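First the structure, in the form of structure tokens, and then the observations on it.
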Amino acid sequence: MIKTADIKRAWHLLDCKGQTLGRLSTKIAGLLTGKGKVDYTPHMDMGDFVVVINSQDIILTGNKLLDKQYSRHSGHPGGFTQEAAGRLMDRDSRKVIEHAVNGMLAKNKLQDPRMSRLKVYKGKDHPHGDIT
């Protein structure tokens, strides 16, 4: 059985340029969970760090820019708002990727630590040093 101190986390750099949202999100979710590792254990957080750059260049196929709706609620009466994917991409393209990846992770206590290892940036510049 592997111990928490023995887990080695690698850093992965993924570029969104020319990538489809769903296909890239499944790759990111797999890296965050660590399912590709030989010593993967489902009840432990074994995933790697993932840095995503050029989030504004992600591709949504079909009419999803107009038809796909992102919903949220403020908790106050009348606080329900919906936003089309195209408007959300213009406002903050990082949230589209984070929402897609978050939906692909298991809904348990490991979800938040895994999402904290996902770093998404609009441009090609990031503060995480030389990652390949």
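Its first residue numbered 45, the sequence shown is counted upward by one per residue in my numbering. Ideal Cβ placement from N, Cα and C applies to all residues, glycine included. Being a predicted model, the structure only gives us computed values, none of them experimental.
Look at the Cβ atom of residue i, then the Cβ atom of residue j, and state whether they are nearer than 7 Å.
i, j, result
"VAL95", "LEU57", "yes"
"ILE72", "VAL145", "yes"
"LYS108", "ALA128", "no"
"LYS166", "GLN100", "yes"
"LEU149", "ARG158", "yes"
"VAL164", "ARG135", "no"
In its own chain, which residues sit with a C-beta less than 6 Å from the C-beta of residue i, not counting the 5 before and 5 after it?
i, result
"ALA54", "ASP92"
"GLU154", "As written in the sequence, residue 154 is Leu, which differs from the Glu given in the question. If we look at LEU154 and ignore the five residues flanking it on each side, its Cβ neighbours are ASP89."
Taking the alpha helix (DSSP H) that residue i falls in, what are its first and last residues?
i, result
"ASP156", "155 to 160"
"ILE51", "Note, ILE51: premise wrong, no alpha helix (DSSP H); not H, not E."
"THR77", "65 to 77"
Which residue's Cα is closest to the Cα of residue i: the options?
i, options, result
"ILE51", "GLY62, THR77, THR70, TYR114", "THR77"
"GLY106", "HIS87, ARG135, PRO86, GLY66", "GLY66"
"LEU110", "LYS61, ARG131, LYS47, ILE175", "ARG131"
"LYS61", "LEU104, PRO121, MET45", "LEU104"
Taking 8 Å as the limit between beta carbons, can you name the residues of its chain near residue i, skipping five residues before and five after?
i, result
"THR125", "SER115, ARG116, HIS117, SER118"
In chain order, what residues of the same chain have a beta carbon less than 7 Å from the beta carbon of residue i, not counting five sequence neighbours either side?
i, result
"GLN63", "ILE102, ILE103"
Check: For the region 90 to 153, which segments carrying the beta strand (DSSP E) assignment without a break, of at least 3 residues, lie completely within its bounds, in sequence order?
Finding: 93 to 97, 113 to 117, 124 to 128
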